[in-house]
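Visitor:
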Amino acid sequence: MNNWLDALAWLVDPENLTGPGGVPARTVEHLGYTLLTLVIAAAIALPIGYLIGHTGRGRGLAVAVSGGFRALPTLGLVTVLALLMGLGILAPLTALVILAIPPLLAGAYAGVGAVERSTIDSARAVGMTEWQVFAQVELPLSLPLAISGLRSATLQVIATWTVAAILPVGGLGRFMLDGLPVRNYAEVLGGAIVVILLALVIDAVLAGTQRIVIPRGVKALRLASKRMHA
Amino acid sequence: MIEFRSVTKQFPDGTRAVDSLSLVIPSRKTTVLVGSSGSGKTTILRMINRMVDPTSGVVEIDGDDIAGKEPVKLRRGIGYVMQNSGLLPHRKVIDNIATVLYLTGVARGRARGRALELMDTVGLDRAFADRYPSQLSGGQQQRVGVARGLAVDPNILLMDEPFGAVDPIVRSELQQELLRLQRELGKTVVFVTHDIDEAFLLGDQIAILKTGGEIAQLGTPTEILSNPADDFVSSFVGTDRGARALHLAPGRFGNLVIDGTGRPAGILVNESPTEGPSWPGQTRGPSTDGR
Amino acid sequence: MSWLLANLDMVLSLTLDHIWLSVVPIVLGFLLAVPIGAIANRYHLVRGTLVTASGILYAVPSLALFVLLPSIIGTQILDPLNVIIALTLYAVALMVRTTADALADVEPDVIQSAKAMGYSTWGRLVRVELPLSGPVLLAGMRVVAVSTVSLVSVGALIGVNSLGYLFIDGFQRNFPLEILVGIIGTVVIALVFDGLLVLMGRFLLPWSRITRTNGRLIVVQDDPVVINP
């Protein structure tokens, strides 16, 4: 139990709360890395995912590629890229973008895939252009699943940036990976607690967003079908 | 007038849904395409608004080959009502009705005003305007679908089994409503169904389709009943089983009409009905469904 | 190549460690999650609590959980038990949710007709509802298997041996080939597990291959949007 008290003491120690190596600075770094990774991954994954969802083509390939990516061990990818690309931030960033793509991609195409075919068919039949079918029907109705994909990707990116601290990069993984070899368990535990809190807060924010963006009529639809089951 | 001239549709998997079909659909009348599944009736309907393009042959509307028209523009000018309504679940009833008006750039306020009028036209209480489709009964959703189809006041209204998924009582209400609307509006209605009774009730002209989009018989209900073209048609409309053979039996208020299975179909009276056929069980007025 | 031949014994022994560390959480996760998921599906209050709890658990980064566990359950920091327990928790978190959702999605008509034929609550669960949830449970287990195999290697950071050791050792010795061997080994283990699960599915759920083409739910669930933490 001493460990917990030590960790608490470490967390409130003013020395750990200030400066470039302090908890706040590392948290900001971690958030910055995470955001950067997600923006790049989304810029690649979402257009492809929605194109697959809209056209219905290439879905088999996307499933296979996503599945294959999922089997890649994060630690291995991070270390091998660091050796091949050098010790900057580019190597872990590349590795994490690769890992964040599958959930974002799957969220987008599964989101469109979950829209009733008859809804899309009738949108086309009343004279929507392909772009309007996408922007006015598929995109809003896909949001619940697309945001689930974003949630998964975000959690994974936050977690993997801690692992990436095996390289000389910043972020909250520093505390754990610097503390372990010197057996400074107060620092290790303190760092773990901060990163867990960060992940939970971000996930809660995204869960809230998910609730907001579910189109209201769709919410009513879900309630209606629940009532029918009862 | 819509005209099909030796139209063939072959799908990529090789099935021929329609094989050299020629058909004239007169203006301001209801033409019903009736057949079992696989008869190509929906494919024929969807070739009118270019949801499906023919492999060969020509489809003309008022003498213009529609192959030369831009599909999106063509569709915005043709009403379309489908089974399960096909409404957008994330938009309110009023916005669903106004969908095509928004698409064609009508200002929001005007579009919504027109949508409210259309709710009256199809017998839907304006109180439903701000509800979502999922909060409506099946019959009410179909009324919204019909209102949406009528939004731009199109000359042509395509209806693909629009009443197929509602219960029989609501269906017969909706059928009566459609007959009323058609008397008032006089659209060129093309209606697809697999229900021969619905076809007889609604159709001015009926095309009975065999597998592969071949027309077994084209004619008015009277022509088809009085003179079925072949065994397929007799079997389809039920004359071969005596299902439509009626006879009279005396009753307290006049002669009972008894159908082929021995069930009473109605009472024979001397004055002819003023509006459309009717039968027992069909006593409800408009807009009572779902409540 | 010569490195691999010279170190074949070590690679094989690490592979066995890796398999062992993955199999236990995968199997244990399934065995624990199914009954919990069934309870969650039956009692709404429990369901809310369990779904929230599994969501929170799922959000915890793996490295943080590895280093936290010794202080919670009193193990040594180098104990492989930390990795096994952490990965079992993730597997349970994912499968409880999957089981509850899969059971909730069984056609109400089927449940009603099973009731009408005289199945008891328990018999219905075992003979009707769980088999019908099979394809979705299988999809969930495939995700669990692949992400568990990938996560085991993170344990190397706290000194628990697996193919992940090759990543750290290769990185420290600036030797990419060693890392590549580790990556390939991990992916092969994941693919073999995945293949075994698919085979088990074909054997245990022969009817589901037909459902797959017709059932909308199963097509969507074929690649559930759940990814390793």
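Chains as they are written, first to last, in my numbering: chain D, 2 to 231; chain C, 23 to 313; chain Z, 18 to 246. Don't be surprised by glycine CBs; every beta carbon is placed ideally from N, CA and C. Just so we're clear, the structure is a prediction, and the values are computed from it rather than from any experiment.
Considering only the beta carbon of each residue, do Gly-19 of chain C and Ala-267 of chain C sit closer than 8 Å?
Guide: Absent from the structure is residue 19 of chain C, since the part of chain C shown begins at 23 and ends at 313.
Visitor: With a Cβ-Cβ cutoff of 8 Å, do Leu-120 of chain Z and Ala-103 of chain Z count as a contact?
Guide: No. Outside cutoff.
Visitor: So for Asp-189 of chain C, helix, strand or coil by DSSP?
Guide: coil
Visitor: Any idea which residues DSSP pairs Arg-27 of chain C with across the strands?
Guide: C:Val-80
Visitor: Determine the contact status of Trp-132 of chain D and His-31 of chain D, defining contact as a CB-CB distance below 8 Å.
Guide: no
Visitor: Across the region 179 to 196 of chain D and the region 110 to 119 of chain D, are there enough close Cβ pairs to call them in contact, namely three or more that are closer than 8 Å?
Guide: no
Visitor: Taking only beta-carbon atoms, is Gln-211 of chain D less than 8 Å away from chain C?
Guide: no
Visitor: Given a threshold of 16 other Cβ atoms within 10 Å of its Cβ, counted over all protein chains shown, does Met-229 of chain D qualify as buried or as exposed?
Guide: Residue placement at Met-229 of chain D is flagged as unreliable, the pLDDT there being 39, under the threshold of 50; the coordinate-derived value follows with that caveat. Flag for Met-229 of chain D reads exposed.
Visitor: Whole-angstrom Cβ separation of Thr-52 of chain C and Gln-204 of chain C, contact assumed at under 8 Å?
Guide: 6 Å
Visitor: For chain C, is any of its Cβ atoms less than 8 Å away from the one on Thr-120 of chain D?
Guide: Contact with chain C is found for Thr-120 of chain D, since one of that chain's Cβ atoms lies less than 8 Å from the residue's Cβ.
Visitor: Which whole-angstrom value is the C-beta distance of Val-212 of chain C and Leu-67 of chain C, which I expect to be below 8 Å?
Guide: 6 Å
Visitor: With a threshold of 8 Å between beta-carbons, can Thr-203 of chain Z be considered close to chain D, or not?
Guide: yes
Visitor: Output needed for Gly-180 of chain D: all residues of its chain with C-beta closer than 6 Å, excluding positions within five of it in sequence on either side, in chain order.
Guide: Glu-188, Val-189
Visitor: Using the beta-carbon count (16 or more within 10 Å), is Lys-209 of chain C buried or exposed?
Guide: buried
Visitor: To the nearest angstrom, how far is it from the Cα of Leu-194 of chain Z to the Cα of His-61 of chain Z?
Guide: 52 Å
Visitor: When you compare only the Cα positions, how much space is there between Asn-17 of chain D and Ala-208 of chain D?
Guide: 31 Å
Visitor: If I'm right that Phe-222 of chain C touches Ala-238 of chain C with Cβ under 8 Å, what's the distance once you round it to whole angstroms?
Guide: Not quite, the Cβ-Cβ distance comes to about 15 Å (not below 8 Å), so this is no contact.
Visitor: Looking only at C-alpha atoms, which of D:Val-158, D:Pro-182, D:Leu-168 sits nearest to Gly-176 of chain Z?
Guide: D:Pro-182
Visitor: So Val-164 of chain D and Thr-75 of chain D are in contact, right, with Cβ under 8 Å, and what is the actual spacing, rounded?
Guide: At roughly 6 Å, the Cβ-Cβ gap stays under 8 Å, so Val-164 of chain D and Thr-75 of chain D are in contact.
Visitor: Around the Cβ of His-112 of chain C, are there at least 16 other Cβ atoms within 10 angstroms (buried) or fewer (exposed)?
Guide: buried
Visitor: What runs of the alpha helix (DSSP H), each 4 residues or longer, lie entirely inside the region 237 to 275 of chain C?
Guide: 243 to 248, 253 to 259
Visitor: Tell me, which residues are paired with Ile-36 of chain Z by DSSP?
Guide: Beta-bridge pairing links Ile-36 of chain Z to no other residue.
Visitor: Report yes if the CB atom of Ile-159 of chain D is closer than 8 Å to the CB atom of Thr-210 of chain D, and no otherwise.
Guide: no
Visitor: What three-state label does DSSP hand Lys-232 of chain C in the structure shown?
Guide: Note: Lys-232 of chain C maps to strand in three-state DSSP.
Visitor: Work out the CA separation of Thr-19 of chain D and Ile-244 of chain Z for me, nearest whole Å.
Guide: Note on Ile-244 of chain Z: pLDDT 31, under 50, position unreliable in the model; the coordinate value appears next. Distance between the alpha carbons of Ile-244 of chain Z and Thr-19 of chain D: 35 Å.
Visitor: Could you name the residues that DSSP lists as bridge partners for Arg-314 of chain C?
Guide: In the structure as shown, chain C begins at 23 and stops at 313. Residue 314 of chain C is therefore absent and cannot be evaluated.
Visitor: Please report the Cβ distance between Leu-151 of chain D and Ala-115 of chain D, rounded to the nearest whole angstrom; I am assuming they are in contact, meaning their Cβ atoms lie under 8 Å.
Guide: Not really, about 16 Å apart at Cβ, beyond 8 Å.
Visitor: For Asp-84 of chain C, which option in C:Asn-118, C:Ser-49, C:Asn-71, C:Gly-135 has the closest C-alpha, if you only look at C-alpha atoms?
Guide: Selected option, being the one with the closest Cα: C:Ser-49.
Visitor: Any C-beta of chain C within less than 9 Å: which residues of the region 139 to 158 of chain D qualify?
Guide: Pro-141, Leu-142
Visitor: Quick one, which residues of the region 111 to 123 of chain C are near chain D if we go by CB-CB under 8 Å, in chain order?
Guide: Pro-111, His-112, Arg-113, Lys-114, Thr-121, Val-122
Visitor: Do you know how far the Cα of Tyr-124 of chain C is from the Cα of Ile-167 of chain D?
Guide: 56 Å
Visitor: For Ser-58 of chain C, which option in C:Asp-152, C:Thr-244, C:Asp-217, C:Gly-225 has the closest C-alpha, if you only look at C-alpha atoms?
Guide: C:Asp-217
Visitor: Can you have a look at Pro-190 of chain C and say buried or exposed, based on whether 16 or more other CB atoms are within 10 angstroms of its CB?
Guide: By the 16-neighbour rule on beta-carbons within 10 angstroms, Pro-190 of chain C is exposed.
Visitor: For the region 84 to 156 of chain Z, list the alpha helix (DSSP H) runs that are entirely contained and at least 4 residues long, ordered along the chain.
Guide: The qualifying runs are 97 to 121, 125 to 134, 138 to 141.
Visitor: Looking at chain Z, is there any beta carbon in it that lies within less than 8 Å of the beta carbon of Met-177 of chain D?
Guide: yes
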